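Peer 1:
Chains as they are written, first to last, in my numbering: chain A, 1 to 432; chain B, 1001 to 1332; chain C, 2001 to 2305.
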């Protein structure tokens, strides 16, 4: 009896949920002053810790236009945000605007969670950084707005390079760089835990950068078969992976089987002279609030990472996007809030904090600024993971990390890439 | 003769006696008949709040989980309310036919058994020790137990992770510096056996406070006089424990052991966190397996089916415990 | 005294019962215990060190300069003590509201849970009624459900009940998840208390419940204390459900707030350790408050009575 009652309540609740799905357009024509809804925005905690004033500014701006709309910004945490969002979308208390990492957008787009947006409503949308814009697009439609970008660069200890090579400028070709690293190794190698270049074996973003440098790809799209196909066992990709593994084996004297999580800590402890990491990691190395070592302040430099054949190493482009939820009853307000939050003026604020803006127009001046030149210059050649339905599953399964680990442990590159290709082929076309 | 025999409650008789008693001496102003009805209703009234609360929170989710396991619910269905297709037993046959699933089950069972045995043995040992030590030592120890217990999982796991780190871990440092083993840079997690030893240490260390504090509370119910009398009658330490102590703490011990089985079988956080939020395939136990299926491969139905299979597997343990309990019930 | 010095620890002598009266033998036992105590104390201190070491590491890490926490030369004692980590922890937004949320949620969940558990335990321990076994099976079965996999169904249930983003939603879940254990636990204690005690009280004019509350309840103190500590710590340290159900940042509980130190740019371990140290204080304080009840078990008088 009791159970039945509860079951009925449950079903009724679901019905309400379904009924609420249809979007209501009648509010759009109203006077802004008559809007009384609540707009819930989920931003990642980075906004709270690094650019809270921008959030406040945009909210004030919004308040001026819509005095009776309440904007609720709820900060989320990277660790379990996806679970929370998955659950929230199944209930009635979902956010209206949500920030998503550019590697996670596809799942939400494919499952109809995000509302379509019109790029024309956003400033600089014609020059949005391709790596970010592509993660928001599906079948010619746009489902999210690029928020900010990130690129990877060489982060090095200027003092160590100076002491070992006489110059505190990072060499611009890989040939010169390895010579310099050998000298650094000779000078500091007495410490067994010291790595001239700390390149962790499981760092697949770096490994794939070398694959990209040789013209290889993780997977390619076959237009005729309308299918993705793994291509890690192609000669180009194998060359890139071999190159990466050789660097790891030669220059990483710590635990080679780790991933990149310890980057900043290794450099803060002066156990390496060079890292290949996110631009902001240079800050973490010296920031005492991020376990950094304040004594290294002003001794850490960034530069473009030299790659094989005298060219720069293509970087993975990371970043965040903002989207509206398709079920939201205030999608139009959400779009407007996003427009304000990603306006040229707002992007200016991010750029002032050495964070890459979402468009190439505002990226230009950063290329001239010494602190940001390396990251800004890394953007044009950047690569991105396949925008395929099953990519998330491959990342979750750690196919690439397992492959690299196997190679570090002694498996041949040919064998390991073949195994990885088989697993990727199995997953990449399946919607996840 | 055991203490429990001496003290064991005998509810039916008790109730009978109570009714007789109230019959002989009806409380003032209370007519006999309604009193009897109230007596029969009383236990239901007493369990009603707990029962309703449990039903309100778990009944429908459980039904929903069962329904989901016969459907194919992905994110789209979950979010849009689109009807999910019925697939019959497909989820179950897929999982049960998956070789990976069975290796995960075995891994989980072995890990669980080792952890539970270690936890219960250490926990009982500490509890009995606590009974015998001076008050100040006991207070000190209990405070440490509680402090350890109250450490959030994330924090406790981080600390163990540092201890075992290949580059800067205390464990490797101590091994290399003081014990002459060259462990610098040794990664404990490359070999899953070593890795599980570390994870097991986190799990056991985290569960021991609960077990020993609870068992210690149970031990306080063992009458000292009986222990002493038994010792005087010539029973050795083992004999006293078996005939006097054990019968008294048995219900609590069984319950704590059962709970440990359940927890260690569903272990998730420790492994997930110690492997930096992305456990390798060798570290997949059932808790992680069902999580990955539900949240990471977009098949909430598979996740639901795995949970139900897990529940069925666990009921094996539960049935043993229940039979014990119900046997007591029969005796009563 | 003399007995103990001549025959320290020898139970064989007791067994032969060579001429000593029962009184003397009891004395031997007690002396024996006193002597062994030193051994037990040493063993206890050893266990203390093992259990406390990670706790020590937590506290000492919170006082270390942040970059030393994961330094390559680990030391037992930091090069210098600093309160910077505590400062950053306390200044993290929403610390105050998180304390409030945690206190309200855990307080109500634990009190409510203890009340419901005690009366339910009384029912299943003292009465035999149709449905009793079923109820006991339900209590056990609830604990079999794997929590992570049940997250979505429970979330949807709370959504239907209107408990999302509400304290009471989280309270109900915490209460219900700790209730089965608490009921089992307290039942284990109730059946060890002779019902004759209640009966004699009833003969003195108490009602059945009155007898229970007045006579048996106080004797349950160790069980209640252990169950309450269990419930409190379970609720206090729960993270995922609270994070998913509570949406406003000022409703987050302490353990959810704690995750603020983990960002995409790494973890502020110093502040995390400092914050965890602070968060553990209420739990340890609660324990100190109830620990004296844990030692008072059945008195000999009660058994004989």
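Ideal Cβ positions, reconstructed from N, Cα and C, are used throughout, including at glycine. Model, not experiment: these values are computed from the prediction.
By alpha-carbon positions, which one of 88(A), 301(A), 227(A) ends up nearest to residue 2160(C)?
Peer 2: Among 88(A), 301(A), 227(A), the Cα nearest to that of residue 2160(C) belongs to 88(A).
Peer 1: For residue 152(A), name the three-state secondary structure that DSSP assigns.
Peer 2: Strand.
Peer 1: For the stretch 2068–2093 of chain C, enumerate the residues whose C-beta is nearer than 8 Å to any C-beta of chain A, in chain order.
Peer 2: Taking 8 Å as the Cβ-Cβ cut-off against chain A, the residues of the stretch 2068–2093 of chain C that qualify are 2069, 2070, 2071, 2072, 2084, 2088, 2093.
Peer 1: So, at 7 Å on beta carbons, what are the nonlocal neighbours of residue 26(A) in its own chain, with the 5 sequence-adjacent residues on each side left out?
Peer 2: At residue 26(A), the pLDDT of 49 sits below 50, so the modelled position is not reliable and the matter cannot be decided from this model.
Peer 1: Taking the CB atoms as reference points, tell me whether residue 2289(C) and residue 2275(C) lie closer together than 8 Å.
Peer 2: No. Outside cutoff.
Peer 1: Am I right that residue 1089(B) and residue 1095(B) are in contact with their C-beta atoms under 8 Å? What's the rounded C-beta distance?
Peer 2: Not really, about 10 Å apart at Cβ, beyond 8 Å.
Peer 1: To the nearest whole angstrom, what separates the beta carbons of residue 2197(C) and residue 2216(C), a pair I think is in contact under 8 Å?
Peer 2: Confirmed, about 7 Å.
Peer 1: In whole angstroms, what separates the C-alpha of residue 193(A) from that of residue 263(A)?
Peer 2: Cα to Cα, residue 193(A) sits roughly 14 Å from residue 263(A).
Peer 1: What three-state label does DSSP hand residue 302(A) in the structure shown?
Peer 2: Looking at residue 302(A) - three-state DSSP - the assignment turns out to be strand.
Peer 1: Taking its Cβ as the centre, do 16 or more other Cβ atoms sit within 10 Å of residue 368(A), making it buried, or is it exposed?
Peer 2: Classification for residue 368(A): exposed.
Peer 1: Since residue 1132(B) meets chain C, which of its residues come closer than 8 Å, beta carbon to beta carbon?
Peer 2: Under the 8 Å cutoff, chain C gives 2033, 2036, 2037, 2040.
Peer 1: Within 8 Å, do at least three Cβ pairs link the stretch 2131–2147 of chain C to the stretch 1311–1323 of chain B?
Peer 2: Judged by Cβ distances under 8 Å, the stretch 1311–1323 of chain B makes contact with the stretch 2131–2147 of chain C, as three or more pairs qualify.
Peer 1: Quick check on this structure: which residue in 372(A), 229(A), 93(A) has the alpha carbon closest to the alpha carbon of residue 280(A)?
Peer 2: Of 372(A), 229(A), 93(A), the residue nearest in Cα terms is 372(A).
Peer 1: Going by DSSP, what residues sit across from residue 138(A) in a beta bridge?
Peer 2: DSSP, once it has assigned bridges, lists 141(A) as partnering residue 138(A).
Peer 1: For residue 40(A), which beta-bridge partners are listed by DSSP?
Peer 2: Paired residues: 72(A).
Peer 1: Pull out every residue of the stretch 305–320 of chain A whose Cβ sits closer than 7 Å to any Cβ of chain C, in chain order.
Peer 2: Answer set for the stretch 305–320 of chain A: empty.
Peer 1: Shortest alpha-carbon distance to residue 312(A) belongs to which of 123(A), 304(A), 168(A)?
Peer 2: Measuring from the Cα of residue 312(A), the nearest candidate turns out to be 304(A).
Peer 1: Rounded to whole angstroms, what is the Cα-Cα separation between residue 270(A) and residue 196(A)?
Peer 2: Residue 270(A) and residue 196(A): Cα-Cα distance of roughly 10 Å.
Peer 1: When burial is assigned at 16 or more other CB atoms within 10 Å of the CB, is residue 113(A) buried or exposed?
Peer 2: Label assigned to residue 113(A): buried.
Peer 1: For residue 46(A), name the three-state secondary structure that DSSP assigns.
Peer 2: It is helical.
Peer 1: For residue 195(A), name the three-state secondary structure that DSSP assigns.
Peer 2: Reduced to three states, the DSSP call for residue 195(A) is strand.
Peer 1: Using 8 Å as the threshold, is the C-beta distance between residue 1157(B) and residue 1324(B) below it?
Peer 2: Not in contact: residue 1157(B) and residue 1324(B) (Cβ atoms no closer than 8 Å).
Peer 1: Of all the alpha helix (DSSP H) runs that stay within the bounds of the stretch 2188–2236 of chain C, which reach a length of 4 or more residues?
Peer 2: Whole alpha helix (DSSP H) segments, 4+ residues: 2195–2203, 2208–2211.
Peer 1: For residue 417(A) and residue 2075(C), what's the separation of their Cα atoms in angstroms?
Peer 2: So the two alpha carbons sit approximately 43 Å from each other.
Peer 1: Any beta-carbon of chain C closer than 8 Å to the one on residue 280(A)?
Peer 2: Chain C, which has a Cβ nearer than 8 Å to the Cβ of residue 280(A), makes this yes.
Peer 1: Taking the alpha-carbon positions, what's the residue 2269(C) to residue 1276(B) distance?
Peer 2: Cα-Cα distance, rounded: 14 Å.
Peer 1: Taking a cut of 8 Å between CB atoms, which residues from the stretch 1285–1299 of chain B lie near chain A?
Peer 2: For the stretch 1285–1299 of chain B, which is checked against every Cβ of chain A, the residues closer than 8 Å are 1292, 1295, 1296, 1297, 1298.
Peer 1: Determine which residues of the stretch 184–218 of chain A have a Cβ less than 8 Å from any Cβ of chain B, and write them out in chain order.
Peer 2: Result list: 192, 193.
Peer 1: Going by the CB atoms, is the gap between residue 149(A) and residue 358(A) shorter than 8 Å?
Peer 2: Yes, they are a contact pair.
Peer 1: For residue 2283(C), which residues in chain A fall below 7 Å Cβ to Cβ?
Peer 2: Within 7 Å Cβ-Cβ: nothing; residue 2283(C) doesn't reach chain A, min ~23 Å.
Peer 1: Could you check whether residue 326(A) and residue 115(A) sit closer than 8 Å to each other, using their CB atoms as the reference points?
Peer 2: Taking 8 Å as the Cβ cut-off, residue 115(A) and residue 326(A) qualify as a contacting pair.
Peer 1: Could you name the residues of chain B that residue 103(A) contacts, counting a contact when the two beta carbons are closer than 8 Å?
Peer 2: Chain B residues near residue 103(A): none, gap ~13 Å exceeds 8 Å.
Peer 1: Tell me, which residues are paired with residue 433(A) by DSSP?
Peer 2: Beyond the ends of chain A as shown, which are 1 and 432, falls residue 433(A); an answer cannot be given.
Peer 1: By Cβ distance, which residues of its chain are closer than 8 Å to residue 2078(C), with the 5 residues on each side in sequence left out?
Peer 2: Excluding residues within five positions, the ones whose Cβ falls inside 8 Å are 2060, 2063, 2064, 2065, 2068.
Peer 1: Going along chain C in order, which residues have a C-beta closer than 7 Å to the C-beta of residue 1310(B)?
Peer 2: Simply 2146.
Peer 1: Return the CA-CA distance between residue 171(A) and residue 177(A), expressed in angstroms with no decimal places.
Peer 2: Each residue's alpha carbon lies about 5 Å from the other.
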